[in-house]
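A short worksheet on the structure shown next.
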Amino acid sequence: MDEQLLSARKKTAPYAFLEDDDVDPSGQQHPYVHAGWLSLSCYEWVTPLIHLGAKQPLMAYDVWDLATPDTCAGMYDRFLAAWSPTTRVSTALVRCFRRDLVAAGAFLTLSILSQVVQPLLVQGMLEYLADEPVSLGIANGYALMALMVTTTFFQSLFLNYGYFLSTKVGINMRSVAMDVVYQKALRLSASARHATTSGEIVTLMSSDSERLLEAANDGLWIVVAPLAFVCSIALTWIYFGVWPAASGTAATVVVLLGSSHLAAKIGA
Numbered sequence: 128m129d130e131q132l133l134s135a136r137k138k139t140a141p142y143a144f145l146e147d148d149d150v151d152p153s154g155q156q157h158p159y160v161h162a163g164w165l166s167l168s169c170y171e172w173v174t175p176l177i178h179l180g181a182k183q184p185l186m187a188y189d190v191w192d193l194a195t196p197d198t199c200a201g202m203y204d205r206f207l208a209a210w211s212p213t214t215r216v217s218t219a220l221v222r223c224f225r226r227d228l229v230a231a232g233a234f235l236t237l238s239i240l241s242q243v244v245q246p247l248l249v250q251g252m253l254e255y256l257a258d259e260p261v262s263l264g265i266a267n268g269y270a271l272m273a274l275m276v277t278t279t280f281f282q283s284l285f286l287n288y289g290y291f292l293s294t295k296v297g298i299n300m301r302s303v304a305m306d307v308v309y310q311k312a313l314r315l316s317a318s319a320r321h322a323t324t325s326g327e328i329v330t331l332m333s334s335d336s337e338r339l340l341e342a343a344n345d346g347l348w349i350v351v352a353p354l355a356f357v358c359s360i361a362l363t364w365i366y367f368g369v370w371p372a373a374s375g376t377a378a379t380v381v382v383l384l385g386s387s388h389l390a391a392k393i394g395a
């Protein structure tokens, strides 16, 4: 029965009769859809547009149309498949974009791990310059410097691409929310329209949907930030001892509690 209802909803979807391709009116495919991993990681796919913008002012026809998976038409069925009247909208959005959210979280985690390695390499270089035994077991200064450059490069790469994916997911979530509110507003009955003001609808489509973008950008740090905290405390414990690590932990907890209290006061 649920499958029949979902099928009927899809057949009556407002985007059911739109073209489904990744081609803009000029016939040029969106480069992001078919870009390889190297092009995605280095943002080479957007370089031609930046180069064109450096030579002349960009016009609307110079910018590609959105790729189909990132349009409201492309995300409508995906959201309907993840949502039901008994499912929270936030849960449906996470299910709809869980692949990109997991990828963004993985890249941010790799960025944290790459950043953790850098103090170890700095310590190794200081030991090497002081003619002391290198704790990492690498007795070559060039190798230590090469590892430092490599980890710094990948840390920046992972961080930037993780932010890119989380921002992309946030924008898509905001688009889905605005689209769903708009479609619902078109289907309101006469009595429901009298009970709902235009200001409430505008708020849902503007400030409330904007919170989804902020949640996608900041929400992943709820998972990633504790890892960074544990790694920093562990490094402090290893290099400075138990008491400095305990003091740093206590100070961080006090700052977090104070910030949470102030945020609650401001948001009240």
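Number 361 in the numbering used here belongs to position 234 of the sequence shown; there are no gaps in the numbering.
Just so it is clear, CB atoms sit at the ideal spot from N, CA and C, and this is done for glycine as well.
Asked, Found
"Burial state of D149 (16 or more Cβ within 10 Å)", "Only weak support is given to the placement of D149: the predicted model assigns it a pLDDT of 45, under 50, and the question is left unresolved by the model."
"As assigned by DSSP and simplified to three states, the class of A183", "Residue 183 is actually Gln in this sequence, not Ala. The answer is coil: DSSP assigns Q183 none of H, G, I, E or B."
"L247 versus A162: straight-line alpha-carbon distance, rounded", "35 angstroms"
"Start-to-end residues for the alpha helix (DSSP H) that takes in E254", "225–256"
"Cβ distance (whole Å) where Y255 is taken to contact V249 below 8 angstroms", "Not really, about 11 angstroms apart at Cβ, beyond 8 angstroms."
"Contacting residues, own chain, Cβ-Cβ under 6 angstroms from V229 (five flanking each side not counted)", "none"
"Identity of the residue in V308, V369, V276, V357 nearest T323 by Cα", "V308"
"Neighbourhood of Y159 by C-beta distance below 7 angstroms, restricted to the same chain and skipping five residues each side", "W172, A194"
"The segment 292–304 contacting the segment 182–202, beta-carbon criterion three pairs below 8 angstroms", "yes"
"Range covered by the alpha helix (DSSP H) that runs through P158", "158–161"
"Residue of G385, G375, A377, G232 minimising C-alpha distance to V296", "G232"
"Contact under 8 angstroms by Cβ, N299 with F224", "yes"
"CB of C358 within 8 angstroms of CB of V221, strictly", "no"
"Local Cβ density within 10 Å of F285, reported as buried at 16 or more and exposed below that", "buried"
"Pair within 8 angstroms by beta-carbon distance, G289 and S238", "yes"
"Alpha-carbon to alpha-carbon, G251 and A355", "21 angstroms"
"DSSP three-state assignment for P260, whether helix, strand or coil", "coil"
"Simplified DSSP assignment, three categories, for D345", "helix"
"Neighbour-count burial assignment, G180, 16 or more Cβ in a 10 Å radius", "exposed"
"Outcome for Y203 when other beta-carbon atoms lying within 10 angstroms are tallied against a minimum of 16", "buried"
"Secondary structure of T218, DSSP reduced to three states", "helix"
"Beta-carbon separation (whole angstroms), L347 vs S293, contact threshold 8 angstroms", "6 angstroms"
"Sequence-distant residues of its chain with Cβ nearer than 7 angstroms to S336 (five each side left out)", "R301, A304, M305"
"Anticipated Cβ contact below 8 angstroms, Q245 with T278, distance rounded", "6 angstroms"
"Residue from I360, W364, F281, A257 whose Cα sits closest to the Cα of C169", "F281"
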